[in-house]
Amino acid sequence: MFEARLTSAATLKKVLEAVKELLNEASFDCSDSGIQLQAMDNSHVSLVSLTLRSDGFDKYRCDRSLTMGMNLASMSKILKCANNDDTVTIKAQDDADTVTFVFESKKQEKISDYEMKLMNLDQEHLGIPETDFSCVIRMPSVEFARIVRDLAQFGETVLICCTKEGVKFSVSGDVGSANVKLAQTNNFDKEEESVSIEMQEPVSLSFACQYLISFTKATPLSPRVQLSMSSNVPLVVEYEIAELGYIRYYLAPKIEDDEN
Amino acid sequence: MFEARLTSAATLKKVLEAVKELLNEASFDCSDSGIQLQAMDNSHVSLVSLTLRSDGFDKYRCDRSLTMGMNLASMSKILKCANNDDTVTIKAQDDADTVTFVFESKKQEKISDYEMKLMNLDQEHLGIPETDFSCVIRMPSVEFARIVRDLAQFGETVLICCTKEGVKFSVSGDVGSANVKLAQTNNFDKEEESVSIEMQEPVSLSFACQYLISFTKATPLSPRVQLSMSSNVPLVVEYEIAELGYIRYYLAPKIEDDEN
Amino acid sequence: MFEARLTSAATLKKVLEAVKELLNEASFDCSDSGIQLQAMDNSHVSLVSLTLRSDGFDKYRCDRSLTMGMNLASMSKILKCANNDDTVTIKAQDDADTVTFVFESKKQEKISDYEMKLMNLDQEHLGIPETDFSCVIRMPSVEFARIVRDLAQFGETVLICCTKEGVKFSVSGDVGSANVKLAQTNNFDKEEESVSIEMQEPVSLSFACQYLISFTKATPLSPRVQLSMSSNVPLVVEYEIAELGYIRYYLAPKIEDDEN
Chain A
1 MFEARLTSAA TLKKVLEAVK ELLNEASFDC SDSGIQLQAM DNSHVSLVSL
51 TLRSDGFDKY RCDRSLTMGM NLASMSKILK CANNDDTVTI KAQDDADTVT
101 FVFESKKQEK ISDYEMKLMN LDQEHLGIPE TDFSCVIRMP SVEFARIVRD
151 LAQFGETVLI CCTKEGVKFS VSGDVGSANV KLAQTNNFDK EEESVSIEMQ
201 EPVSLSFACQ YLISFTKATP LSPRVQLSMS SNVPLVVEYE IAELGYIRYY
251 LAPKIEDDEN
Chain B
1 MFEARLTSAA TLKKVLEAVK ELLNEASFDC SDSGIQLQAM DNSHVSLVSL
51 TLRSDGFDKY RCDRSLTMGM NLASMSKILK CANNDDTVTI KAQDDADTVT
101 FVFESKKQEK ISDYEMKLMN LDQEHLGIPE TDFSCVIRMP SVEFARIVRD
151 LAQFGETVLI CCTKEGVKFS VSGDVGSANV KLAQTNNFDK EEESVSIEMQ
201 EPVSLSFACQ YLISFTKATP LSPRVQLSMS SNVPLVVEYE IAELGYIRYY
251 LAPKIEDDEN
Chain C
1 MFEARLTSAA TLKKVLEAVK ELLNEASFDC SDSGIQLQAM DNSHVSLVSL
51 TLRSDGFDKY RCDRSLTMGM NLASMSKILK CANNDDTVTI KAQDDADTVT
101 FVFESKKQEK ISDYEMKLMN LDQEHLGIPE TDFSCVIRMP SVEFARIVRD
151 LAQFGETVLI CCTKEGVKFS VSGDVGSANV KLAQTNNFDK EEESVSIEMQ
201 EPVSLSFACQ YLISFTKATP LSPRVQLSMS SNVPLVVEYE IAELGYIRYY
251 LAPKIEDDEN
């Protein structure tokens with residue numbers, strides 16, 4: 001028996017929005033410690049890693065570890081039927097081929113259940129090595145989303161340069177070229193709006209804009225985003241999920257030959 | 001001479017939105033007692049019945065009964081030119097082949113008139129027998145619209161089961177199955193949000209989702225909707241139009257052979 | 001060296017919206033006195049004339065007159081990257097083949113620059129004679145936009161009749177005919193909402209709706225619009241740009257043979 005309950009469906013809806021553009025289907029690994037999802041995106045370029053800890057749920061029970069393969073478009077359809085303040089419970093039998101989502105309104109006058117067929121998906125277990133990064137940038141998530149969306153209009157590749165002073169995003173293309181510079185800020189009174197940089201050494205790396213845009217679908221999950229970069233290793237874009245865990249996206253830098 | 005005036009164009013705009021998805025054109029029967037419209041939808045499956053009583057208008061004059069055949073897409077275009085708080089007057093000569101809509105702003109500084117050609121439409125006079133229903137459900141109209149829209153994503157047919165405890169809407173399809181249960185509520189302090197059921201005997205009937213969705217275009221007309229059901233007779237979905245009358249939609253249940 | 005700065009990008013964004021539907025590209029003539037743009041629309045029917053005076057900018061420097069040919073779709077893409085309250089600076093070298101737009105956030109923590117290639121455009125220098133008009137109508141710009149949009153649904157040509165009492169807009173087409181009458185108002189307490197008419201002699205002229213609709217893209221620039229009409233000369237539709245200048249659109253009336 002598996003059962004996990006959240007008092008607000010809003011979080012789960014946002015989690016799904018954060019992954020469904022990159023993944024058509026996904027395996028959710030459920031165990032005593034929580035729910036994990038790890039998968040390459042549909043084009044096998046970037047990697048998504050989601051962790052929802054069991055202690056962040058309002059109720060969590062997992063008698064036996066199980067893996068549930070879900071079609072994310074179907075799951076998204078179902079979650080859109082929940083009101084943001086509905087309680088949501090995910091339920092499955094140990095050897096079930098279906099999962100059930102139960103939505104309860106606050107006053108219990110409306111109870112909905114949606115049963116969805118599970119899928120058998122090939123599991124790729126991916127080792128993600130822990131790395132020390134040359135630069136770790138923390139900034140408002142809406143600012144990152146805005147920059148990526150703005151610059152993607154002018155070119156396919158964005159160059160991110162990080163120094164102690166700040167971070168610069170650059171693209172160039174047919175129309176011309178564009179640069180957006182963010183200075184490191186020191187306003188500790190409004191920490192949520194600050195740009196902070198932890199730097200061992202400066203880094204300049206290029207990335208495909210289209211994947212960064214997909215990553216920013218996670219913006220509603222957190223007011224802050226963290227970018228971790230080192231030469232020759234994938235960029236990590238991380239959004240915290242309050243009290244529950246995090247979602248991390250990994251994207252390898254473009255090497256120079258790729259850029260033209 | 002026919003002349004009917006409402007001090008707010010908003011109601012008439014909502015009435016038109018409530019019928020124009022089901023009907024391309026319609027005959028408005030105008031008499032001393034008011035305006036009536038009765039028609040099968042374009043696919044001849046459901047029936048729409050609209051009554052606007054003469055005493056609900058701010059001014060109403062109908063010297064001789066007349067029938068005005070109107071193209072509803074054209075009428076909708078015209079009504080969209082009115083501001084919600086404009087006074088609207090519908091005018092026609094006794095033997096006219098045009099109808100005129102006059103919109104006046106509150107301060108009279110803007111007066112618009114739109115003259116539209118009338119159409120000769122075949123009239124089907126449909127007798128609708130009065131029935132005693134096994135179940136009459138009253139609920140918030142937005143809740144009904146939400147349930148119908150949510151469930152229509154998962155199948156073409158919705159089963160509505162009504163008992164004393166409450167009403168259950170169910171669909172099943174490729175993705176899986178879904179049930180939404182509403183309990184009868186007894187909060188007389190917020191009557192508008194309550195779900196109330198008058199039941200002679202339990203009823204379970206299946207209906208085509210697509211028509212129910214069209215009916216819910218009437219939602220802006222009223223905070224409440226009433227569903228009346230008996231075995232083997234059409235469902236009646238009714239929305240009151242404050243002070244003026246009502247709109248009713250009739251839809252025959254699917255018999256079991258139809259359901260697959 | 002050319003440099004022009006505005007403390008709010010919003011105005012420049014609105015100016016571009018006001019011209020980009022009519023013009024694919026345009027030559028901005030920059031001189032000591034300010035920035036001028038004059039061009040026939042893409043179909044060579046109407047004329048756009050834009051004036052931004054140098055003294056309306058927060059900083060303005062133009063060492064040598066220059067003409068910058070810009071692709072307006074590209075320029076619009078760039079301006080959409082500015083926040084409304086960003087400071088915007090337009091920069092070019094005297095003999096440059098690029099122009100640079102710099103956006104600075106209020107607290108200077110974000111600075112973006114967009115460099116765009118310039119184009120060589122054929123320059124048509126158009127003499128616009130000053131005319132005394134038979135009728136000059138001033139009215140709320142949103143009201144004018146609403147009337148033009150409403151009536152364009154019913155026909156391609158709008159007849160504008162101006163007398164001392166007011167102005168009437170009329171169209172007719174397949175659906176029927178429509179008239180919108182605005183009375184001259186004398187409420188000096190709410191001057192912004194008034195309709196005022198200066199008339200030497202009554203005028204009735206017909207115009208193609210589609211161009212009037214394009215002109216109303218300038219509505220966000222000003223709460224008021226001014227229509228100037230005389231028989232046999234182009235209509236002038238003018239929107240003031242607060243502190244900076246104006247945008248004027250010219251459109252020749254249709255002669256009767258054109259109307260069918």
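Just so you know, the protein sequences line up as chains A, B and C, in that order.
Residue 148 in the UniProt record's numbering sits at position 148 of the first sequence; the count goes up by one each step and never skips.
Residue 28 in the UniProt record's numbering sits at position 28 of the second sequence; the count goes up by one each step and never skips.
Residue 95 in the UniProt record's numbering sits at position 95 of the third sequence; the count goes up by one each step and never skips.
The beta carbon of each residue, even a glycine, is placed where N, CA and C say it ideally should be.
- As computed with DSSP, residue 91(C) is found in a beta bridge with 3(C) and 100(C).
- If you ignore the 5 residues before and after residue 254(A), its C-beta comes within less than 7 Å of the C-beta of 157, 206, 207 and 208, all in its own chain and listed in chain order.
- Pairing residue 111(B) with residue 102(B), the inter-Cα distance amounts to about 7 Å.
- If you draw a straight line from the Cα of residue 234(C) to the Cα of residue 146(C), it comes to about 22 Å.
- If you draw a straight line from the Cα of residue 7(A) to the Cα of residue 54(A), it is about 14 Å long.
- In the three-state DSSP reduction, residue 147(B) falls in the helix class (H, G or I).
- Rounded to the nearest angstrom, the gap between the Cα atoms of residue 144(B) and residue 118(A) is 29 Å.
- Cβ proximity to chain A below 7 Å picks out 109, 110, 111, 112, 113, 114, 115, 116 and 117 from the region 109-141 of chain C.
- In this structure, residue 23(B) sits near residue 72(B), with a CB-CB distance shorter than 8 Å.
- Taken through DSSP and simplified to helix, strand or coil, residue 142(B) comes out as helix.
- Each of 45(C), 56(C), 169(C) and 190(C) was checked against the Cα of residue 211(C), and the nearest Cα belongs to 45(C).
- Chain-order list of chain C residues neighbouring residue 183(A): 108, 109, 110 and 111, by C-beta distance under 9 Å.
- Think of a sphere of 9 Å around the beta carbon of residue 49(B): no beta carbon from chain C falls inside it, the nearest being about 26 Å out.
- Of the other Cβ atoms in all chains shown, fewer than 16 fall within 10 Å of the Cβ of residue 58(B); this residue is therefore exposed.
- Cβ-Cβ distances below 8 Å link residue 152(A) to 158, 171, 209, 210, 212 and 213 in the same chain, with the five nearest sequence neighbours on each side left out; the list follows chain order.
- Note on residue 219(B): 16 or more other CB atoms within 10 angstroms of its CB, so buried under the neighbour-count rule.
- Residues of the region 71-90 of chain C with a C-beta less than 7 Å from any C-beta of chain A: 74, 77 and 81, listed in chain order.
- Along the region 151-171 of chain A, none of the residues has a CB nearer than 9 Å to a CB of chain B.
- If you look at residue 161(B), you'll find it in the beta strand (DSSP E) that goes 157-162.
- Taking residue 141(B) as the centre and dropping the five residues before and after it, the same chain places the C-beta of 219, 222, 223, 224, 225 and 239 closer than 7 Å to its C-beta, in chain order.
- At a cut-off of 8 Å, the C-beta of residue 173(B) has no neighbouring C-beta in chain A.
- Residue 180(A) is bridged by DSSP to 169(A) and 112(C).
- When 87(C), 248(C) and 134(C) are compared, the shortest CA-CA separation from residue 5(C) is found for 87(C).
- Proximity of the region 8-28 of chain C to the region 68-83 of chain C meets the contact definition, three or more beta-carbon pairs being nearer than 8 Å.
- In the structure shown, residue 247(B) adopts extended strand secondary structure according to DSSP, grouped into three states.
- A direct Cα-to-Cα measurement between residue 31(B) and residue 149(C) gives close to 35 Å.
- The C-beta of residue 216(B) comes no closer than 8 Å to any C-beta of chain C.
- At least one C-beta of chain A is nearer than 8 Å to the C-beta of residue 195(B).
- Under the three-state reduction of DSSP output, residue 82(B) falls in the coil class, being neither helix nor strand.
- Taking a beta-carbon distance threshold of 8 Å, residue 204(C) does not count as an interface residue toward chain B.
- The straight-line gap separating the alpha-carbon atoms of residue 68(A) and residue 182(A) is approximately 42 Å.
- Between the alpha carbons of residue 56(B) and residue 195(B) lies a distance of about 28 Å.
- Annotation: Cβ neighbours of residue 179(A) in chain C (cutoff 9 Å, chain order): 111, 112, 113, 114 and 115.
- The C-beta of residue 230(A) has 16 or more other C-beta atoms within 10 Å across all chains shown, which makes the residue buried.
- Interface annotation, residue 67(C): not in contact with chain A, CB-CB separation never under 8 Å.
- Residue 135(C) and residue 63(C) have their C-alpha atoms roughly 41 Å apart.
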